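In this note's numbering, the protein residues as written are 1371 to 1546.
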Amino acid sequence: MDLDGVLVNWHKGACHALGVPYPHEFVFQRDWICSVSGMPIGTVLTKLDSTPDFWSKLEPTLTAANLVRYLDTNFPDWGILTSATHNSASWAGKAEWVKTHLGTKGLHRLTICCGNKARFVSPSALLIDDTHKIVRDWLNGGGLAYHWIEYSDDQSALLQRQFESLTQYLDTFREN
Ligand SMILES: [Mg+2]
1371 MDLDGVLVNW HKGACHALGV PYPHEFVFQR DWICSVSGMP IGTVLTKLDS
1421 TPDFWSKLEP TLTAANLVRY LDTNFPDWGI LTSATHNSAS WAGKAEWVKT
1471 HLGTKGLHRL TICCGNKARF VSPSALLIDD THKIVRDWLN GGGLAYHWIE
1521 YSDDQSALLQ RQFESLTQYL DTFREN
């Protein structure tokens, strides 16, 4: 399970930190923040890393709690796989976010990597991620994947429908 864009409302926090208006009915795409802020992704991430408590104070997405509850109930060995920048503020902030929202138990689920998530792929590993390229690389590496769409806050009906679609798909992997 990915953090940013799936469990964490990254774009909302990024918009706030960068002074960009948050679009309330929207489907976020990779690099959208670069085009609206006029900054390359490296500059965006450097600014976010230097924003105090940026990574730890991001809001959960509207479906995060239900997703976690579903996974805890049905797939107790599920894990979090998130990519961080090379700045320790990002690593520490993500760990703090997980501890705050998922407790110490959540920290045991957490894997933080820099860059290529596909190095963690295995034939039975199913990744839920909002970044198309990561999903494609995961599938090409031989794993299973679900491409989560990052809707903005005001699209709660679409988010809920997506949550139901995902859990229906995951139900097919349950043993009973
Ligand atoms: Mg993501």
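Glycine included, C-beta positions come from ideal geometry on N, C-alpha and C. Remember, it's a predicted structure, so these values are computed and weren't measured experimentally.
Give the DSSP bridge partners of residue i, in chain order.
i	result
A1515	L1497
T1455	None; T1455 has no bridge partner.
T1481	L1451
V1406	Paired residue(s): none; V1406 is not in a bridge.
D1374	V1378
V1397	Y1521
P1430	V1378
Taking the alpha carbon of residue i as the reference point, which residue from the options has its own alpha carbon closest?
i	options	result
D1419	T1431, N1457, C1404 and E1466	N1457
L1477	W1448, M1409, Y1440 and T1443	W1448
I1450	R1479, L1514 and K1464	R1479
L1437	T1416, A1462, H1471 and V1406	H1471
G1389	V1378, F1396 and M1409	M1409
I1498	L1441, E1545 and L1415	L1441
L1415	G1511, L1496, K1469 and A1384	A1384
K1469	G1512, H1517 and L1428	L1428
Does the distance between the C-beta of residue i and the nearest non-hydrogen atom of ligand 3 fall short of 8 Å?
i	result
V1468	Ligands in the displayed structure: ligand 1; ligand 3 is not one of them.
Assuming residue i and residue j form a contact by the criterion Cβ under 8 Å, report the distance between their Cβ atoms to the nearest whole angstrom.
i	j	result
S1522	P1393	6 Å
S1426	E1466	4 Å
R1400	T1542	Contact flag wrong, Cβ pair sits at about 28 Å.
L1377	A1462	At roughly 18 Å, the Cβ-Cβ gap does not stay under 8 Å, so L1377 and A1462 are not in contact.
Q1525	E1395	6 Å
How big is the Cα-Cα spacing for residue i and residue j?
i	j	result
S1535	L1514	16 Å
K1417	R1439	33 Å
P1446	Q1538	17 Å
G1375	K1382	10 Å
S1460	I1482	10 Å
Q1530	H1386	24 Å
L1509	G1473	31 Å
P1430	N1379	5 Å
C1404	I1411	6 Å
K1475	L1373	16 Å
A1527	I1519	13 Å
P1422	E1545	44 Å
W1402	S1492	30 Å
M1371	F1490	12 Å
When you compare the CB of residue i with every CB in chain C, is at least one pair closer than 9 Å?
i	result
L1415	This model lacks chain C altogether; it includes just one protein chain.
Applying the criterion that 16 or more other CB atoms from any shown protein chain within 10 Å of the CB defines a buried residue, is residue i buried or exposed?
i	result
S1453	buried
C1484	exposed
D1507	buried
K1487	buried
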